[in-house]
Amino acid sequence: MNILIVLAHPKKESLNAALAYYLAKQLNEKHEVVLQDLYREGFDPILKENELLDINYFSEDIRPYCDALLAADILIVIHPNWWGSPPAMMKGWIDRVIRLNVGYGFNDKGEGEPVKLLKLKHFFVFNTSNTPEEREQNVFHDPLENIWKYCIAGFLGSDHFERRMFNMVVTSTENERSGWLTSSYQLIATSVDAKLSVNR
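Take the sequence shown: its letter number 62 is residue 62 in UniProt numbering, and every next letter is one higher.
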């Protein structure tokens with residue numbers, strides 16, 4: 001299977017980066033993996049006017065990102081929770097890459113029911129936070145869940161969606177962080193293997 005991992009965190013020693021590179025290494029043993037480290041690659045998050053006005057216009061820098069998304073059977077998104085939102089870099093990737101006639105289509109010219117264009121079988125999102133789980137749920141109502149599960153994954157029509165939030169990174173131990181890496185890989189491997197077993 002083709003796996004696309006998209007990472008957005010400015011610090012290369014972050015838990016987010018450790019998770020992305022760990023998953024890429026583990027999954028590459030059985031699958032074709034593309035890792036897009038947006039900050040390291042200098043991804044330009046600014047949506048261009050021509051990209052907005054013309055669905056057939058692709059800026060020179062954005063085509064490889066769109067092609068990688070179109071080729072993906074599995075999409076893994078990794079970023080921190082900043083003010084209940086993805087980092088601006090990730091939001092720019094969403095705006096520029098998950099675009100009309102790449103990430104989705106319409107049967108008409110309006111904003112009706114979207115048409116699935118991607119071949120995504122699995123969509124995983126991993127977030128990190130320094131907010132306790134109880135406060136995240138009861139006070140903030142976990143806005144990232146709504147963004148990724150309903151606004152994006154539901155819109156794209158992926159067959160299987162899973163999201164995990166790793167809380168209180170700032171006070172976490174090395175053993176906790178190591179456990180988060182392992183559990184993330186196990187979640188993906190178990191879900192993908194189960195799907196493959198059904199399709200055999």
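Cβ coordinates follow ideal geometry from the N, Cα and C atoms, glycine included.
Review point. Considering only residues of the same chain and omitting the five flanking positions on each side of K11, which have a CB-CB separation below 8 Å?
Key: The residue given as residue 11 occupies position 11 in the sequence shown. Excluding its 5 nearest sequence neighbours in each direction, K11 has C-beta neighbours in its own chain below 8 Å: A17, listed in chain order.
**Study point:** Continuous alpha helix (DSSP H) stretch holding I96: start and end
**Key:** Taking the first residue of the sequence shown as position 1, residue 96 is located at position 96. As written in the sequence, residue 96 is Arg, which differs from the Ile given in the question. R96: member of the alpha helix (DSSP H) spanning A88 to V97, first to last residue.
Review point. Which residues mark the beginning and the end of the alpha helix (DSSP H) in which D67 is found?
Key: Along the sequence shown, read from residue 1 onward, the residue named residue 67 stands at position 67. Element bounds for D67: R63 to A71.
Review point. Looking only at DSSP bridge pairs, what is D159 linked to?
Key: Taking the sequence shown and counting its residues from 1, one reaches residue 159 at position 159. DSSP output for D159 lists no bridge partner at all.
Check your understanding: Is A71 near the ligand ATP, in the sense that its beta carbon is under 8 Å from a heavy atom of that ligand?
Key -> Only the bare structure without any ligand can be found here, which leaves the ligand ATP out of the picture.
Check your understanding: Helix or strand or just coil, what does DSSP make of N28?
Key -> On the sequence shown, position 28 is the one that residue 28 refers to. For N28, the secondary structure class from DSSP, reduced to helix, strand or coil, is coil.
Point to revise | Alpha carbon of I78 to alpha carbon of D37, nearest angstrom | key: For the purposes of this step, residue 78 is identified with residue 78 of the sequence shown, where counting begins at 1. For the purposes of this step, residue 37 is identified with residue 37 of the sequence shown, where counting begins at 1. Rounded to the nearest whole angstrom, the C-alpha separation of I78 and D37 is 10 Å.
Review point. Expressed to the nearest angstrom, what Euclidean distance is found between the alpha-carbon atoms of N107 and N56?
Key: If you number the sequence shown from 1, residue 107 lands on position 107. If you number the sequence shown from 1, residue 56 lands on position 56. Distance from the CA atom of N107 to the CA atom of N56, rounded to whole angstroms, is 17 Å.
Practice item. Count the other C-beta atoms from every protein chain shown that fall within 10 angstroms of the C-beta of I5, then say buried if there are 16 or more, exposed otherwise. Key: Working through the sequence shown from its first residue, we reach residue 5 at position 5. That one is buried.
Point to revise | Collapsed DSSP secondary structure at N2 in the structure displayed | key: The count along the sequence shown starts at 1 and reaches residue 2 at position 2. Strand, per DSSP.
Review point. I think R96 touches V125, with their Cβ atoms under 8 Å apart; what is that distance to the nearest whole Å?
Key: Start at 1 with the first residue of the sequence shown, and residue 96 comes out as number 96. Start at 1 with the first residue of the sequence shown, and residue 125 comes out as number 125. That pair is no contact at about 18 Å.
Exercise for review: Give every residue of the same chain whose Cβ lies closer than 6 Å to the Cβ of P87, excluding the five residues on either side of it in the sequence, and list them in chain order.
Suggested key: Mapped onto the sequence shown, residue 87 falls at position 87. Closer than 6 Å at Cβ, skipping near neighbours: A8 and H79.
Check your understanding: Taking C-beta to C-beta, are I188 and L23 nearer than 9 Å?
Key -> On the sequence shown, position 188 is the one that residue 188 refers to. On the sequence shown, position 23 is the one that residue 23 refers to. Yes, they are a contact pair.
Practice item. Give the DSSP-derived three-state secondary structure of L187 in the structure shown. Key: Locating residue 187 in the sequence shown gives position 187, where the first residue counts as 1. DSSP places L187 in helix when its eight states are reduced to three.
Point to revise | Close beta carbons around A71, own chain, < 7 Å, minus the five adjacent residues each side | key: Within the sequence shown, residue 71 is the residue found at index 71, counting from 1. Cβ neighbours of A71 beyond the five flanking positions: N2.
Check your understanding: Exposed or buried, R99, counting other C-beta atoms within 10 Å across all chains shown (16 or more means buried)?
Key -> Position 99 of the sequence shown, counting from 1, holds the residue named residue 99. The C-beta of R99 has 16 or more other C-beta atoms within 10 Å across all chains shown, which makes the residue buried.
Check your understanding: Around the Cβ of N81, are there at least 16 other Cβ atoms within 10 angstroms (buried) or fewer (exposed)?
Key -> For the purposes of this step, residue 81 is taken as residue 81 along the sequence shown, with counting starting at 1. Buried: at least 16 other Cβ atoms inside 10 Å.
Check your understanding: In terms of residue numbering, what span does the beta strand (DSSP E) encompassing N127 cover?
Key -> Along the sequence shown, read from residue 1 onward, the residue named residue 127 stands at position 127. According to the DSSP assignment, N127 belongs to the beta strand (DSSP E) that extends over H122 to S129.
**Study point:** Cβ-Cβ distance between Y39 and M89 below 9 Å
**Key:** Taking the sequence shown and counting its residues from 1, the one referred to as residue 39 is at position 39. Taking the sequence shown and counting its residues from 1, the one referred to as residue 89 is at position 89. Less than 9 Å divides the Cβ of Y39 from the Cβ of M89.
Review point. What residues in its chain sit with their C-beta under 6 Å from that of residue 202, if we drop five residues either side in the sequence?
Key: Beyond the ends of the chain as shown, which are 1 and 200, falls residue 202; an answer cannot be given.
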